[in-house]
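Visitor:
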Amino acid sequence: MHDIKRLICIIPNNYKIIFFILLAMSIFLSVAEVVGVSIVMPFITLASNPEQIFNNVYSKAIFDYFSFKSSVTFIIYFGFVLVAFYICRIVYTILYNYFLNKFTFNLFNYYTNALFASYIKLPYAEFTKKNTSNLMRIITNETINLSIYIQNLLMIFVEIFTILLLYIVLLTIDWKMTIILTAFIVFMVSVLIFFLRNKIKTEGAKRASIQSDFFKIVDEMFGNFKLLKFIKNNAKVSENFYKTSLMFSEVNILNNVLSNLPKILLENIGFTILVVIVMYVLFKYDDPNFVLPIISVYALALYRILPGVNRILGSYNTILFLSKSLESIHNELSIKYVIEGGDRIEFKKNIVLDNVTFEYTNGKPILNNINLTIHKYDRIAFVGRSGGGKTTLVDLIIGLYMPVEGSILLDGVKLSSNNIQHYRSKIGYIPQSVYLFDGTVGENVSFGYKYDKKKIIDCLKKANIYDFLATKDGINTMVGNGGIQISGGQKQRIGIARALYNDPDILVLDEATSALDENTEEKIMDEIYKISKEKTLLIITHRLTTVSRCNKIYKVNNGDVKLLKDNSSNE
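With the UniProt record's numbering, letter number 71 in the sequence shown gets 71, and the count goes up by one each step, no holes.
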């Protein structure tokens, strides 16, 4: 019941309406199933004993109304009606399955998009706490599992309703035998649920955990592929993957065995029940004309009921196994983060850090009571040892983090969640390691923005890489996953072009040239200083040689910020 509440909570209102329409369709399908079974008995009765047509009030009335010439003609037409009904039922079942699949996979599409949008909008501070392998698992695997979960839930409803209606029909034929039959099947189902429920749910939770490890290992392997080439025989990495793969296989093997157990038991029990019914009917009824129709109806009912019971158990086991998927998606969609707005905020004069203090969740301050002013068109370098806080300081300045105490002001207006998006749109960011996805240079430069060939070429020219690309396929040059098909310097230049694409007011270099040789670094810095004449430039580095042309240099160390150089005319 708790899972049902979770499901209702995360299904959007327009899909709830469709859900209830599908429930109504499933009820009609159940009625059609029962009618299909119920009309078999009168057909077989009349076919085996045509004189019964005139002994039954309803069949005689139909015979007289349509003026059939003989009982054989009546039975033939009855057969045609029966066949037509089954054809209509088949068509309806196909349509129902189409709408069911459309509904569940539209929901899958909704959840994947909702989660993707949620992750994109995550505050940076929250994103750093997340395990990306786990996010990938939820957005790709758990969403499809939830679709399967919903399909199985609807299947349980259809099967239960159908079986209940069939039991009502069987009760009208022989209530004693039907009650005994019901009690026996309910007992068997209860025993199976009692022994299997907790085990399957436990294995389902284990499946989710192991699958997350799967993504993590694969992500680590591809992320460190170059490093792996220097590790002899890669035995440890392969061993970890093998162990995880084996555990995943074992969990699924056990789940499949447990899920198929009811089918194996019920098929054999069903045959036994049918034999008992035949013996009971032969013992109770002396007239052979009654035996065949009754046995036929019970056989047909069991033929429908037992697979239905098996499907209920199978669907129930699947729901238990995938309940962790529902829990994961419910938890992700239920988390309320601070909504970042796009109110306008101007940067025409300065950025002021006013008594800013920042700390991570462990409570230890990284920056203490920082006061700092950045004027427009300043070229500022932040230097210091690794771990001293310079990257954190710049992350605060560019709005990736918000201060715990104090304020950040743009032209006197406080930076807040209401205007943070508009502020960030003024920033071009070049990290130490530029990530290029497996696509063209043009696609990588315009990442996140509308593709504009003219703008792409202009940015590549500013980054001094267009002439090199012209010798290949120009902006259609493929870079490979992670930029593996180009050099480190070329990759950084594409990163610069990407940062310039939206014509930012502020350009940030986060150790952007530290991995390059001195000659390449010098050339790239020349280009950056050239293109940033009408921009505010913030540089994070540990090399003083790269910041000689900055008008201000700050040293960041253990939460303190000290001004080392100030050639600014603004102060």
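Note that CB positions come from ideal geometry on N, CA and C, so glycine has one too.
Just so we're clear, the structure is a prediction, and the values are computed from it rather than from any experiment.
1. May I have the straight-line CA-CA distance separating F63 from I168, to the nearest angstrom?
2. When DSSP labels each residue in this structure, what does A183 get in the three-state scheme?
3. Round the Cβ separation of L516 and G428 to the nearest angstrom and send it over; I've been treating them as touching at under 8 Å.
4. State the Cα-Cα distance for the pair K453 and G308, rounded to the nearest angstrom.
5. Could you tell me the distance, in whole angstroms, from the CA atom of E443 to the CA atom of D505?
6. Below 7 Å CB to CB, which residues in the same chain sit around L400 once its five sequence neighbours on both sides are set aside?
7. Are three or more beta carbon pairs between the segment 381 to 394 and the segment 327 to 337 nearer than 8 Å?
8. Can you list, in chain order, the residues of its chain whose CB lies under 7 Å from that of I457, leaving out five sequence neighbours each side?
9. Using the Cα positions of F74 and F43, report the straight-line distance between them to the nearest angstrom.
10. Closer than 6 Å by C-beta to I351: which residues in its own chain qualify, once you throw out the five before and the five after it? Chain order, please.
11. With 16 as the cutoff for other CB atoms within 10 Å, does R344 come out buried or exposed?
12. Go ahead and pull the three-state DSSP assignment for A463.
13. Determine, using beta carbons only, whether K376 and F358 come nearer to each other than 8 Å.
14. Three-state secondary structure (DSSP) at L135?
15. Just to confirm before moving on: does the CB-CB distance between L29 and T93 stay below 8 Å?
16. Alpha carbons only, please: which of N109, T112 and G36 is nearest the one belonging to residue 572?
17. Check for me: the beta strand (DSSP E) holding A381 runs from which residue to which?
18. Give a single yes or no on whether I312 has its beta carbon closer than 7 Å to a heavy atom of the ligand GTP.
19. Between which residues of its own chain and T143 is the CB-CB distance below 6 Å, once the five residues before and five after are set aside?
20. Roughly how far, in whole angstroms, is the beta-carbon of M177 from the beta-carbon of Y280, given that I think they are within contact range, below 8 Å?
21. Do you know whose CA, among A470, F194 and K390, lies nearest I539's CA?
22. Measuring only the C-alpha atoms, how far is I524 from K414?
23. Going straight from the alpha carbon of Y86 to that of V31, what length do you get?
24. Can you find the residues in the same chain that come closer than 6 Å, C-beta to C-beta, to I531, ignoring five residues on each side of it along the sequence?
25. May I have the straight-line CA-CA distance separating G412 from I398, to the nearest angstrom?
Guide: Per the coordinate set shown:
1. Distance between F63 and I168, taken at the CA atoms: about 28 Å.
2. In the displayed model, A183 falls within a helix according to three-state DSSP.
3. About 19 Å separates the two Cβ atoms, so there is no contact after all.
4. Going from the Cα of K453 to the Cα of G308 covers about 59 Å.
5. If you take the alpha carbons of E443 and D505, they lie about 23 Å apart.
6. Excluding sequence neighbours, L400 sits near Y124.
7. Contact fails: fewer than three Cβ-Cβ distances are below 8 Å.
8. The answer, listed in chain order, is Y466 and I475.
9. The alpha-carbon atoms of F74 and F43 are separated by roughly 10 Å.
10. Answer for I351: I374 and L410, listed in chain order.
11. Answer is exposed; the Cβ neighbour count stays below 16.
12. When DSSP states are grouped into helix, strand and coil, A463 belongs to the coil group.
13. Cβ atoms of K376 and F358: not closer than 8 Å.
14. The answer is helix: DSSP assigns L135 an H, G or I state.
15. Judged by beta-carbon spacing, T93 lies within the 8 Å limit of L29, meaning their Cβ atoms are closer than that value.
16. Residue 572 cannot be examined here, being either before or after the span of the chain that is shown, 1 to 571.
17. A381 -> beta strand (DSSP E) spans R379 to V383.
18. With respect to the ligand GTP, the structure shown offers nothing to examine, as it has no ligands at all.
19. Same-chain partners within the cutoff: F108, Y111 and T112.
20. Between M177 and Y280 the beta-carbon gap is near 6 Å, inside 8 Å, which marks them as a contact.
21. The shortest C-alpha to C-alpha distance from I539 to any of A470, F194 and K390 is the one to K390.
22. The alpha-carbon separation between I524 and K414 amounts to approximately 34 Å.
23. Cα-Cα distance, rounded: 13 Å.
24. Once the five neighbours on either side are set aside, the close Cβ partners of I531 are K462.
25. In this structure, the straight-line span from the alpha carbon of G412 to that of I398 is close to 16 Å.
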